[in-house]
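Q: My structure is below; once you've seen it, I'll send some questions.
Protein chains in written order, with the working numbering: chain A, 3 to 281; chain B, 80 to 384.
The following block contains the structure:
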């Protein structure tokens, strides 16, 4: 069908633009990673050269691993991200199911109320959130971060998931009801497995801002045992700003985990977006 | 479902956890912050001061100069995103969605990578690359004979904000690209085929057929960009610090809020003025979102296929 308009020059031009932009997108990451494996002189002499046998040096990574408590930070980030993600997905799916499945008074008002958080950033409430956390003794705990990120992630999760749940066939659910399944079983056994692709999309969209957030760790949990990897690398880089090997190695170490997660989930993410999750 | 009589407890059970967490951590603190802006520090602790904090913010020359500076910077930051990020995103999406493009998945994945990186990485990466000490940027310009164009962009008052806005564009261009790409893919083949029958192809097909169909998506992206930009903080903080140097040239409302709330150097933190600034930001975002909802979205025609 689309065989007609595919002249060679046009497709070369398209590839040209896309390759150029891909280089722009990847160039900074490339520069950081190759230089983190080089010795100090080599970093300055030939910043764009790949590490060779003479210039290869792991001194930066050794400094990072000796100085910063990166495993602890990494573990904190993992705990916070995974726990928040779990609650966002569970609570979000439950609320989305209630909104999309049942007709009750105040349904659309409740939907609107929950959607408010998509437009209004949670950061504007920071002053009062900090007071709340101080009052409940949750400052400098990972629980505070999990609570905040759960609240932050819920609006978008509910919005996307309820769109998807409207498309789950009523016949299936009614068949379940006739077989005597309770509403809870219908939700957990029938509906949840069917919206798994949407859950994956929501997971990626929720996970990235949580993992990368600097604002709330800085304000709610800046103590040494609760630092996340984002805050930890920020502080580390600030202290070692003249030790270029260490800075570059720390940046590389911070890039790797997100990259791995992204490459694992990227197919799912793209499928979820193009399937109409976010339009 | 109408046959069910009595109170349907399961609806409450399904809704309760989300509504409770959302209300307790998001809505109540938001209202609390708005409320806090009406109070000030008195002898016996907190006293009600009405709108006095706002008259300080807008009336006191020191406060109002800082506020308007941050707001103007923020507006410019947003404008750069609208003029660069969204057109580039649309262009990339249009190229990617052209049928039979090889390696489309590779380009998509690669161009989205900056979006997943944290601000800490992005801020420092660009600081290093643009640094005159390391010399990557000057050497690359030298290679194409444009070395005279190089300047320490991040360190100059005139260029620092635009440079950071472009770094932010570099980071986030993947989002409009993905959303527009999805919108373009959802245009049915029949519409495109009908256009081709009528001889509308290539560029004119994009301008006359596809662009009008994706306008609602562009509207959503614009409002998301607006909300994101007017509460931006991280990139400025990691690359220029809370003081948003040089000489506050890169100060945005987010960094202004942070400095006011937590204090910096000799100035003590002030939760009441912080709440006042947060309330002003809330107002600005609300106005922007309302303009979108009532003035723009209702005029955009949505096409049902």
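Beta carbons are placed, not taken as given, at the ideal position from N, Cα and C, and that holds for glycine.
Everything numeric in this text was worked out from a predicted model, so none of it was measured.
1. What number of angstroms, rounded off, separates the C-alpha of residue 155 (chain A) from the C-alpha of residue 232 (chain B)?
2. Using 8 angstroms as the threshold, is the region 222-230 of chain A in touch with the region 91-107 of chain A, meaning 3 or more CB pairs across them?
3. What residues from chain A crowd round residue 233 (chain B), counting only those whose CB sits closer than 9 angstroms?
4. Counting pairs of beta carbons, one from the region 208-215 of chain A and one from the region 171-189 of chain A, are three or more of them closer than 8 angstroms?
5. Could you name the residues of chain B that residue 75 (chain A) contacts, counting a contact when the two beta carbons are closer than 8 angstroms?
6. For the region 140-165 of chain B, which residues have a CB atom closer than 9 angstroms to at least one CB atom of chain A, in sequence order?
7. So which residues on chain A does residue 132 (chain B) lean against when the C-beta distance must stay under 8 angstroms?
8. Taking buried to mean at least 16 other C-beta atoms within 10 Å of its own C-beta, is residue 80 (chain B) buried or exposed?
9. State whether the region 243-252 of chain A contacts the region 224-238 of chain B, with contact taken as three or more CB pairs (one from each stretch) at a distance under 8 angstroms.
10. What separation, rounded to the nearest whole angstrom, lies between the Cα atoms of residue 276 (chain B) and residue 190 (chain A)?
11. Cβ of residue 186 (chain A) within 9 angstroms of Cβ of residue 92 (chain B)?
12. Determine the chain B residues that contact residue 235 (chain A) at a beta-carbon separation under 7 angstroms, and present them in chain order.
13. Residue 157 (chain A): which of A:93, A:199, A:139 sits nearest, CA to CA?
14. Taking Cβ to Cβ, would you say residue 242 (chain B) is nearer than 9 angstroms to residue 209 (chain B)?
15. Would you mind telling me which residues of chain A sit closer than 7 angstroms to residue 177 (chain B), beta carbon to beta carbon, in chain order?
16. Pick out whichever of A:160, A:18, A:233, A:85 has its Cα sitting closest to the Cα of residue 180 (chain B).
17. Measuring only the C-alpha atoms, how far is residue 268 (chain A) from residue 246 (chain B)?
18. Can you grab the Cα-Cα spacing for the pair residue 161 (chain A) / residue 85 (chain B), in whole Å?
19. Counting only beta-carbon atoms, is residue 165 (chain A) nearer than 9 angstroms to chain B?
20. Threshold first: 4 residues or longer. Then list the alpha helix (DSSP H) segments lying entirely within the region 95-130 of chain B, N to C.
21. Using a threshold of 9 angstroms, state whether the C-beta atoms of residue 254 (chain B) and residue 192 (chain B) are closer than that.
22. Looking at residue 142 (chain B) and residue 26 (chain A), is the spacing between their C-beta atoms short of 9 angstroms?
23. Does chain B have any CB closer than 9 angstroms to the CB of residue 145 (chain A)?
24. So what does DSSP say about residue 39 (chain A), is it helix, strand or coil?
25. Quick one: residues in its chain with C-beta nearer than 7 angstroms to the C-beta of residue 81 (chain A), no 5 flanking neighbours on either side, listed in chain order?
26. Can you name the residues of chain A whose CB is closer than 9 angstroms to the CB of residue 188 (chain B)?
27. Buried or exposed: residue 246 (chain A), going by 16 or more other Cβ atoms within 10 Å of its Cβ?
28. Would you say residue 335 (chain B) lies against chain A (beta-carbon separation less than 9 angstroms)?
29. So residue 326 (chain B) contacts chain A; which residues on that side make the cut at Cβ distance below 9 angstroms?
30. Quick check for students: name the residue ranges of the alpha helix (DSSP H) that lie wholly in the region 202-254 of chain A, counting only runs of 4 or more.
31. Among B:194, B:149, B:100, which has the Cα closest to the Cα of residue 215 (chain A)?
32. Sort B:213, B:251, B:151 by Cα distance to residue 360 (chain B) and report the nearest one.
33. Helix, strand or coil for residue 94 (chain A), going by three-state DSSP, please let me know.
34. I'd like to know whether the C-beta of residue 30 (chain A) is nearer than 9 angstroms to at least one C-beta of chain B.
35. If the criterion is Cβ atoms closer than 9 angstroms, does the pair residue 271 (chain B) and residue 293 (chain B) meet it?
A: Put simply:
1. Looking up residue 155 (chain A) in the first chain gives position 153. Looking up residue 232 (chain B) in the second chain gives position 153. Their Cα atoms are separated by approximately 36 angstroms.
2. With a cut-off of 8 angstroms, the region 91-107 of chain A and the region 222-230 of chain A do not count as touching, because too few Cβ pairs lie within range.
3. For the purposes of this step, residue 233 (chain B) is taken as the residue at position 154 of the second chain. Simply none; closest approach about 14 angstroms.
4. Look at the beta carbons and you see the region 208-215 of chain A not touching the region 171-189 of chain A: under three pairs across the two are nearer than 8 angstroms.
5. Position 73 of the first chain, counted from the start, is the residue given in the question as residue 75 (chain A). Neighbours of residue 75 (chain A) across chain B, judged by C-beta separation under 8 angstroms, do not exist; the nearest C-beta is about 12 angstroms away.
6. Listed by position along the chain: nothing, the set is empty.
7. In the second chain, counting from the first residue as 1, residue 132 (chain B) sits at position 53. Per Cβ cutoff of 8 angstroms: no residues; residue 132 (chain B) is ~12 angstroms from chain A at best.
8. Taking the second chain and counting its residues from 1, the one referred to as residue 80 (chain B) is at position 1. Because residue 80 (chain B) carries a pLDDT of 46, less than 50, the predicted location of this residue cannot be relied on, and the following value inherits that uncertainty. Under the 10 Å beta carbon count, residue 80 (chain B) is surrounded by fewer than 16 other beta carbons and is classified as exposed.
9. Contact check between the region 243-252 of chain A and the region 224-238 of chain B: fewer than three CB pairs, one atom from each, fall below 8 angstroms, which does not count as touching.
10. Locating residue 276 (chain B) in the second chain gives position 197, counting from the first residue. Locating residue 190 (chain A) in the first chain gives position 188, counting from the first residue. Residue 276 (chain B) and residue 190 (chain A) have their C-alpha atoms spaced approximately 49 angstroms apart.
11. Position 184 of the first chain, counting from 1, holds the residue named residue 186 (chain A). Position 13 of the second chain, counting from 1, holds the residue named residue 92 (chain B). When the beta-carbon positions are compared, residue 186 (chain A) and residue 92 (chain B) come within less than 9 angstroms of each other.
12. Along the first chain, one-based indexing puts residue 235 (chain A) at 233. Below the 7 angstroms Cβ cutoff, chain B contributes 199 as neighbours of residue 235 (chain A), in chain order.
13. Along the first chain, one-based indexing puts residue 157 (chain A) at 155. Of A:93, A:199, A:139, the residue nearest in Cα terms is A:93.
14. Against the second chain, residue 242 (chain B) aligns to sequence position 163. Against the second chain, residue 209 (chain B) aligns to sequence position 130. The beta carbons of residue 242 (chain B) and residue 209 (chain B) sit closer together than 9 angstroms.
15. Translated into the one-based positions of the second chain, residue 177 (chain B) becomes position 98. Ordered by position in chain A, the residues that pass the 7 angstroms Cβ test against residue 177 (chain B) are 16.
16. On the second chain, position 101 is the one that residue 180 (chain B) refers to. For residue 180 (chain B), the nearest C-alpha among the options comes from A:18.
17. Mapped onto the first chain, residue 268 (chain A) falls at position 266. Mapped onto the second chain, residue 246 (chain B) falls at position 167. When rounded, the distance between both Cα atoms is 23 angstroms.
18. Counting from 1 along the first chain, the entry for residue 161 (chain A) is found at position 159. Counting from 1 along the second chain, the entry for residue 85 (chain B) is found at position 6. Computed Cα separation, rounded: 28 angstroms.
19. Here residue 165 (chain A) refers to the residue found at position 163 when the first chain is read from its first residue. Taking a beta-carbon distance threshold of 9 angstroms, residue 165 (chain A) does not count as an interface residue toward chain B.
20. Counting whole runs of 4 or more residues, the region 95-130 of chain B contains the alpha helix (DSSP H) stretches 107-115.
21. Locating residue 254 (chain B) in the second chain gives position 175, counting from the first residue. Locating residue 192 (chain B) in the second chain gives position 113, counting from the first residue. For the 9 angstroms CB-CB criterion, residue 254 (chain B) and residue 192 (chain B) do not form a contact.
22. Residue numbering aside, residue 26 (chain A) sits at position 24 when the first chain is read from its first letter. Residue numbering aside, residue 142 (chain B) sits at position 63 when the second chain is read from its first letter. No, these two residues do not count as a Cβ contact at 9 angstroms.
23. Stepping through the first chain from its first residue, residue 145 (chain A) is reached at position 143. Closer than 9 angstroms: no.
24. Numbered from its first residue, the first chain carries residue 39 (chain A) at position 37. The three-state reading of DSSP puts residue 39 (chain A) in coil, since its state is none of H, G, I, E or B.
25. Along the first chain, one-based indexing puts residue 81 (chain A) at 79. For residue 81 (chain A), where only same-chain residues beyond five positions count, the Cβ hits under 7 angstroms are 144.
26. Counted from its first residue, the second chain places residue 188 (chain B) at position 109. Those within 9 angstroms of residue 188 (chain B) in chain A are 264, 265, 268, 269, 272.
27. For this step, residue 246 (chain A) is matched to residue 244 along the first chain. Burial call: buried.
28. Here residue 335 (chain B) refers to the residue found at position 256 when the second chain is read from its first residue. For residue 335 (chain B), no Cβ of chain A is located within less than 9 angstroms of the residue's own Cβ.
29. In the second chain, residue 326 (chain B) corresponds to position 247, counting from 1. What residue 326 (chain B) touches in chain A: nothing, since even the nearest Cβ is about 21 angstroms away.
30. As far as the region 202-254 of chain A is concerned, its whole alpha helix (DSSP H) runs of at least 4 residues are 217-222, 231-241.
31. Within the first chain, numbered from 1, the residue matching residue 215 (chain A) stands at position 213. Looking at the Cα atoms, B:194 is the closest of the given residues.
32. As a position in the second chain, residue 360 (chain B) is number 281, starting the count at 1. If we check each option's Cα against that of residue 360 (chain B), B:151 comes out closest.
33. For the purposes of this step, residue 94 (chain A) is taken as residue 92 along the first chain, with counting starting at 1. Here DSSP, grouped into helix, strand and coil, assigns residue 94 (chain A) to helix.
34. The residue you call residue 30 (chain A) lines up with position 28 of the first chain. It does: the Cβ of residue 30 (chain A) has a partner Cβ on chain B nearer than 9 angstroms.
35. In the second chain, counting from the first residue as 1, residue 271 (chain B) sits at position 192. In the second chain, counting from the first residue as 1, residue 293 (chain B) sits at position 214. For the 9 angstroms CB-CB criterion, residue 271 (chain B) and residue 293 (chain B) do not form a contact.
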